[in-house]
Amino acid sequence: MSFCILEDVMAKKKTAKKATKKVAKKATKKVAKKATKKKVAKKATKKKVAKKATKKVAKKATKKKVAKKATKKKVAKKATKKKVAKKATKKKVAKKATKKKVAKKATKKKVAKKATKKVAKKATKKVAKKATKKVAKKATKKVAKKAAKKKTKRKPNAAFMKAMTPSADLAAVIGDKAVPRTEAVKKMWDYIKKNNLQNPKNKRNILADDLLKKVFGKKEVTMFELAGILGKHLS
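The end of the sequence shown is residue 235 by full-length UniProt numbering, with every number in the run present.
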């Protein structure tokens, strides 16, 4: 009996050991799982942190690049402005220099002209004195000769002073009284000016109205044709 009891006790101890081993294995498995989960979580958090850090670094790098480009553009603009300003100042300086040269040349020319004028005046005065003396002598001789001769008045040409009767067409413009050629021309010009018949673009041309068309035979004539046309209408 005692032997059987011992065997039961031993069997119970074995079963208890097995149970404790199973419990220990389960506990270790649970601990291992928790540890692996923690490791995975740590890795994930590290990756997230690393991603955030890389993003920040990338942003800073892009900001630096943008800032560099902006500064390069500003520097380039300033350089171009300086170049333009230099060119403008060079042009201004060149213009001023050319103006000064031109002014100097002009002043030299003026001085030279004044000097030549003075010399010329002196020379002309001398020549003029001699010439006036000679002219005075000749003038006195001519005056003496003319005084001896009698003064004769110029007589007008009888052909121009002869009264002529205008044709019916011309009489409608200057009247039907007989007049000399010169008077007929004068009356015709009075009529033209009174009726404003000179061409505004060319005052030498005369525009014919209804009455003058019959005299001229066309719409427009020149002032040089007028005397010849009137001669045909005077008899």
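Glycine included, C-beta positions come from ideal geometry on N, C-alpha and C. Remember, it's a predicted structure, so these values are computed and weren't measured experimentally.
Once DSSP output is grouped into helix, strand and coil, what is the label at residue i?
i	result
residue 230	helix
residue 212	helix
residue 197	coil
residue 220	strand
residue 18	helix
residue 225	coil
residue 172	helix
residue 178	coil
Am I right that residue i and residue j are in contact with their C-beta atoms under 8 Å? What's the rounded C-beta distance?
i	j	result
residue 225	residue 199	At roughly 13 Å, the Cβ-Cβ gap does not stay under 8 Å, so residue 225 and residue 199 are not in contact.
residue 172	residue 197	About 15 Å; that fails the 8 Å criterion.
residue 161	residue 179	The pair is not a contact, with the Cβ atoms about 10 Å apart (cut-off 8 Å).
residue 195	residue 176	About 19 Å separates the two Cβ atoms, so there is no contact after all.
residue 214	residue 169	4 Å
residue 174	residue 184	6 Å
residue 223	residue 204	5 Å
Starting from residue i and walking both ways along the alpha helix (DSSP H), at which residues does that stretch end?
i	result
residue 165	First-last for residue 165: undefined, no H or E at that position.
residue 185	181–194
State the start and end residues of the unbroken beta strand (DSSP E) segment that holds residue i.
i	result
residue 205	205–207
Write down every uninterrupted run of the alpha helix (DSSP H) in the segment 49–90 whose length is 4 residues or greater and which is fully enclosed by it, in chain order. none
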